[in-house]
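**Q**
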Amino acid sequence: MAQIEEVSIDQFKHLVSERALTGETMLLNMGPQHPSTHGVLRVLLELDGETVVNAIPDIGYLHTGIEKNMEAKTYLKAEVMSDRLDYMNTTGNNLVYCMAVEKLVDLDVPERAISIRVILTELQRIASHLVWLAAFGLDLAAMSVFLYCFREREMIMDILELCSGQRMMTTYIRPGGLWRDVPVEFETAVRDFIKMFPKRIDEYEALMTKNPLFLDRLLGIGILDAATALQNGVTGPMLRASGVNWDLRKARPYIGYDQYDFNVPVRTEGDTYARYIVRVEEMRESLKIVEQALNRLPLGPVRSDNRKFVPPPRSEIGVSMEALIHHFKLWTEGFPAPNASVYCAVESPRGELGVLLEGDGSAKPRRVHWRTPSFDNLSVLPKIVKGHLVADLVAILASVDIVLGDIDR
Amino acid sequence: MDKKLETIVQALQENFSTTFEEFRGEVHVFVKAENIVDALILLRDKYDFELLSALTATDYWPQQSPRFHVIYQLTSLVKNLSVQLRVPLNGDQPKIPTATRVYEIANWRERELLDMFGIEPEGHPDPRRILMPDGTEGHPLRRDFPLGYEEPQFTFNLEEIDLQKPYAKE
Chain A
0 MAQIEEVSID QFKHLVSERA LTGETMLLNM GPQHPSTHGV LRVLLELDGE TVVNAIPDIG
60 YLHTGIEKNM EAKTYLKAEV MSDRLDYMNT TGNNLVYCMA VEKLVDLDVP ERAISIRVIL
120 TELQRIASHL VWLAAFGLDL AAMSVFLYCF REREMIMDIL ELCSGQRMMT TYIRPGGLWR
180 DVPVEFETAV RDFIKMFPKR IDEYEALMTK NPLFLDRLLG IGILDAATAL QNGVTGPMLR
240 ASGVNWDLRK ARPYIGYDQY DFNVPVRTEG DTYARYIVRV EEMRESLKIV EQALNRLPLG
300 PVRSDNRKFV PPPRSEIGVS MEALIHHFKL WTEGFPAPNA SVYCAVESPR GELGVLLEGD
360 GSAKPRRVHW RTPSFDNLSV LPKIVKGHLV ADLVAILASV DIVLGDIDR
Chain B
0 MDKKLETIVQ ALQENFSTTF EEFRGEVHVF VKAENIVDAL ILLRDKYDFE LLSALTATDY
60 WPQQSPRFHV IYQLTSLVKN LSVQLRVPLN GDQPKIPTAT RVYEIANWRE RELLDMFGIE
120 PEGHPDPRRI LMPDGTEGHP LRRDFPLGYE EPQFTFNLEE IDLQKPYAKE
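Going down the list, the sequences are from chains A and B.
Just so you know, numbering that gives the first Met the number 0 puts 5 at position 6 of the first sequence, and the rest follows in order with no gaps.
Just so you know, numbering that gives the first Met the number 0 puts 87 at position 88 of the second sequence, and the rest follows in order with no gaps.
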């Protein structure tokens with residue numbers, strides 16, 4: 000039998016109020032096995048009746064050592080680990096990792112590959128927001144929204160499967176371009192989605208946006224002001240719901256985001272409802288970007304022809320000795336990267352997703368650090384739940400949109 | 000280098016006699032450990048670097064001095080600039096003054112430093128491990144920490160390995 004250790008309050012003494020020490024307030028575990036913690040998050044709550052006095056998040060239950068594992072692999076092989084970080088935003092993780100590698104070794108990407116990257120990451124953003132909306136609805140006891148959202152998400156998963164053969168762990172974006180070109184059915188599949196989806200967003204909004212029960216649960220709950228948000232490194236929709244117009248796609252356009260016409264939804268209330276509105280609006284804006292990118296999808300190669308970093312196409316391997324050598328070298332040794340460090344950041348559905356990549360002159364990175372938005376966004380939780388009810392904590396936690404794989408890495 | 004960034008790097012140079020490196024348009028400023036909090040305050044209050052984007056470290060083992068670089072990636076939303084501060088630390092008992100007074104997010108990020116690299120944040124309000132379980136030996140992201148696997152148990156060494164196994168016991 001496993002021994003059950005009794006945990007003393009001593010290690011949390013400095014985090015709870017004095018009333019907890021005398022037994023006036025109660026300490027209660029929420030999670031790690033709790034449906035509304037979106038995975039394996041444990042929150043230690045200090046409760047006065049049903050009111051939250053203090054909340055102490057305890058993370059690490061999903062720690063998989065991805066950063067350490069990536070250091071032991073070549074740059075190409077390490078990429079498959081990036082999918083497993085934030086499993087709701089896999090193409091986005093691939094994208095930022097590939098951008099960092101491209102920056103480190105100075106590699107160009109063809110136009111067509113860039114456009115397809117935009118389409119896929121924006122579709123993934125919609126899919127991520129759909130999962131968020133589904134779970135958010137579920138936490139507030141709106142079961143039907145959950146089912147509707149997963150229906151539409153499956154269409155995006157089908158598009159990803161069409162391209163890469165995988166629904167979630169795509170590893171489709173590679174350093175120097177893409178794994179391969181999109182199939183011919185890709186365009187019709189995306190067009191069908193674009194045609195159908197605006198009506199579906201209206202449906203969700205009809206169910207939720209002006210629903211009095213919904214408003215009762217959300218308005219004025221978990222207010223986060225802009226100064227606290229910035230102090231705590233909060234980024235993404237959460238920051239924009241607090242009135243700060245900061246979106247890396249606009250502020251520092253990467254993969255040609257400056258060529259697309261889209262708005263950045265900003266709300267000033269900073270409460271749970273504002274976060275909901277910002278995310279729903281973002282889905283509409285992402286759809287606009289997808290449509291524009293699809294309309295001007297250029298023809299051409301999808302991989303850089305720099306053979307020192309990018310494997311040659313399959314057709315060349317049979318006829319060219321050099322191609323065979325390059326292919327063999329890349330898949331056995333990998334390519335060396337300079338002894339230098341780069342930091343690359345993109346706007347993930349949750350905020351600033353950054354990767355700090357440091358090479359040491361060999362084919363394996365010395366250090367890969369993931370600046371994951373959920374980690375910083377969660378750290379603000381104790382500050383915004385104080386004084387609310389336990390039921391509101393569930394709503395606030397859902398509105399933060401955490402992905403535990405993203406937090407624990 | 001960007002003109003606006005140039006003045007900031009110069010100001011850091013004058014105040015804290017820092018050096019800097021540039022690579023692919025990124026600026027890395029090397030600051031001494033005793034100056035880091037003042038440098039962060041200067042950047043936050045005078046040059047609008049409101050956001051501490053990342054706080055992490057790199058291990059240059061087996062090199063011992065410096066063995067670590069503690070990395071502060073700062074972002075200014077108003078000026079749309081980024082700068083990276085690096086603090087070199089020696090391998091024996093690495094310590095860094097805490098930045099929690101300047102940026103609150105440094106609280107969790109420094110706990111991660113403590114957990115993963117064993118770099119002690121001095122004056123930290125809540126110095127506990129953040130990701131690994133309490134009682135873990137060593138610091139996983141150090142380069143001399145093995146990327147370990149569980150030793151397989153066979154009939155001849157079942158009990159011997161069972162004794163060393165900290166988890167997964169019935």
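Glycine is no exception: its CB is placed at the ideal position from the N, C-alpha and C atoms.
This one's a predicted model, so the numbers in the text were calculated from it and none came from an experiment.
Within 10 angstroms of its Cβ, does glutamate 70 of chain A collect 16 or more other Cβ (buried), or is it exposed?
**A** Answer is buried; the Cβ neighbour count reaches 16.
**Q** At the level of alpha carbons, what is the spacing between alanine 19 of chain A and threonine 63 of chain A?
**A** Near 34 Å, if we compare the C-alpha coordinates of threonine 63 of chain A and alanine 19 of chain A.
**Q** Quick one: grab the DSSP three-state call for phenylalanine 15 of chain B.
**A** Helix.
**Q** Applying a beta-carbon distance threshold of less than 7 Å, which residues of chain A neighbour aspartate 125 of chain B?
**A** Residues of chain A passing the Cβ test: His13 and Leu14.
**Q** Kindly list, in the order they appear in chain A, the residues whose Cβ is closer than 7 Å to that of glutamate 49 of chain B.
**A** Leu229, listed in chain order.
**Q** So which residues on chain A does methionine 131 of chain B lean against when the C-beta distance must stay under 9 Å?
**A** Simply Gly59 and His62.
**Q** Would phenylalanine 196 of chain A be called buried (16 or more neighbouring beta carbons within 10 Å of its own) or exposed?
**A** Answer is buried; the Cβ neighbour count reaches 16.
**Q** Serine 347 of chain A and proline 372 of chain A look like a contact to me (Cβ under 8 Å); what is the Cβ gap, rounded to whole Å?
**A** Correct: roughly 6 Å between the Cβ atoms.
**Q** Please compile the residues from chain B whose C-beta is within a distance smaller than 9 Å of the C-beta of asparagine 68 of chain A.
**A** Simply Leu146.
**Q** Buried or exposed for phenylalanine 334 of chain A, going by 16 or more other Cβ atoms inside 10 Å?
**A** Classification for phenylalanine 334 of chain A: buried.
**Q** Pull the bridge partners of leucine 26 of chain A from the DSSP assignment, please.
**A** Partner(s): A:Glu45.
**Q** How is phenylalanine 22 of chain B classed by DSSP in three states: helix, strand or coil?
**A** Strand, per DSSP.
**Q** Let me know the beta strand (DSSP E) ranges lying completely inside the stretch 332-379 of chain A, each 3 residues or longer, listed in chain order.
**A** Taking only runs of at least 3 residues, the beta strand (DSSP E) segments lying wholly in the stretch 332-379 of chain A are 340-347, 350-358 and 364-370.
**Q** Between valine 399 of chain A and threonine 36 of chain A, what straight-line distance do the alpha-carbon atoms span, to the nearest angstrom?
**A** Going by the C-alpha atoms only, they are around 11 Å apart.
**Q** Excluding the five sequence neighbours on either side, which residues of its own chain have a C-beta within less than 6 Å of the C-beta of glutamine 72 of chain B, listed in chain order?
**A** Same-chain partners within the cutoff: Ser52, Ala53 and Gln83.
**Q** Select from B:Arg108, B:Gly117 and B:Val69 the residue whose C-alpha is nearest the C-alpha of glutamine 92 of chain B.
**A** Glutamine 92 of chain B has its Cα closest to that of B:Gly117, out of B:Arg108, B:Gly117 and B:Val69.
**Q** Please list the partners that glutamate 103 of chain B has in chain A, where partner means a Cβ-to-Cβ separation under 7 Å.
**A** Ordered by position in chain A, the residues that pass the 7 Å Cβ test against glutamate 103 of chain B are Gln230 and Asn231.
**Q** Whole angstroms are fine: how far does the CA of threonine 89 of chain A sit from the CA of glutamate 204 of chain A?
**A** C-alpha separation (whole angstroms): 27 Å.
**Q** Could you tell me which chain B residues have their CB closer than 9 Å to the CB of glutamine 10 of chain A, listed as they occur along the chain?
**A** Those within 9 Å of glutamine 10 of chain A in chain B are Arg127 and Asp133.
**Q** From this set, B:Ala32, B:Leu80, B:Val36 and B:Pro61, which residue's C-alpha is nearest aspartate 47 of chain B's C-alpha?
**A** Per the Cα distances, B:Leu80.
**Q** Over what stretch of residues does the alpha helix (DSSP H) that includes lysine 67 of chain A continue unbroken?
**A** Residues 65-70.
**Q** Along chain B, which residues have their Cβ under 9 Å away from the Cβ of aspartate 407 of chain A?
**A** Chain B residues near aspartate 407 of chain A: Leu130.
**Q** What residues in the stretch 99-116 of chain A have a beta carbon less than 7 Å from any beta carbon of chain B?
**A** Cβ contacts with chain B: Lys102.
**Q** Per DSSP, which one or two residues make a beta bridge with asparagine 53 of chain A?
**A** Paired residue(s): A:Glu45.
**Q** Given a threshold of 16 other Cβ atoms within 10 Å of its Cβ, counted over all protein chains shown, does asparagine 156 of chain B qualify as buried or as exposed?
**A** By the neighbour-count rule (16 or more Cβ atoms within 10 Å), asparagine 156 of chain B is not buried but exposed.
**Q** Just the Cα atoms here: how many angstroms apart are methionine 0 of chain A and tyrosine 60 of chain A?
**A** For methionine 0 of chain A, the pLDDT reaches just 45, beneath the cut-off of 50, and the residue's location in the model is therefore unreliable, leaving the point undetermined.
**Q** Report yes if the CB atom of threonine 24 of chain A is closer than 8 Å to the CB atom of valine 52 of chain A, and no otherwise.
**A** Yes, these two residues count as a Cβ contact at 8 Å.
**Q** List, in chain order, every chain A residue whose beta-carbon is nearer than 8 Å to that of phenylalanine 22 of chain B.
**A** Near phenylalanine 22 of chain B (Cβ distances below 8 Å), the residues of chain A are Ala339, Ser340 and Val341.
**Q** Drop a sphere of 10 angstroms on the beta-carbon of aspartate 405 of chain A, count the other beta-carbons inside from all chains shown, and report buried for 16 or more, exposed for fewer.
**A** Buried, because 16 or more other Cβ atoms sit within 10 Å of the Cβ of aspartate 405 of chain A.
**Q** Name, please, each residue of chain A whose Cβ falls closer than 9 Å to the Cβ of serine 64 of chain B.
**A** Chain A residues near serine 64 of chain B: none, gap ~17 Å exceeds 9 Å.
**Q** Quick one: is asparagine 79 of chain B near chain A, going by C-beta distance under 8 Å?
**A** Chain A, which has a Cβ nearer than 8 Å to the Cβ of asparagine 79 of chain B, makes this yes.
**Q** With a threshold of 8 Å between beta-carbons, can serine 378 of chain A be considered close to chain B, or not?
**A** Chain B contact via Cβ: present.
**Q** Give the straight-line distance between the Cα atoms of phenylalanine 261 of chain A and tryptophan 131 of chain A, rounded to the nearest whole angstrom.
**A** For phenylalanine 261 of chain A and tryptophan 131 of chain A, the distance between alpha carbons rounds to 22 Å.
**Q** Apart from the five residues just before and just after threonine 73 of chain A, which ones in its own chain have a Cβ nearer than 7 Å to its Cβ?
**A** Result list for threonine 73 of chain A: Gly333, Ala362 and Lys363, in chain order.
**Q** Give, in chain order, every unbroken run of the beta strand (DSSP E) that is at least 3 residues long and sits entirely within the stretch 54-101 of chain B.
**A** DSSP runs (the beta strand (DSSP E)) wholly in the stretch 54-101 of chain B: 67-75, 80-88 and 94-96.
**Q** Count Cβ pairs between the stretch 117-133 of chain A and the stretch 285-303 of chain A that sit closer than 8 Å; are there 3 or more?
**A** Touching, yes.
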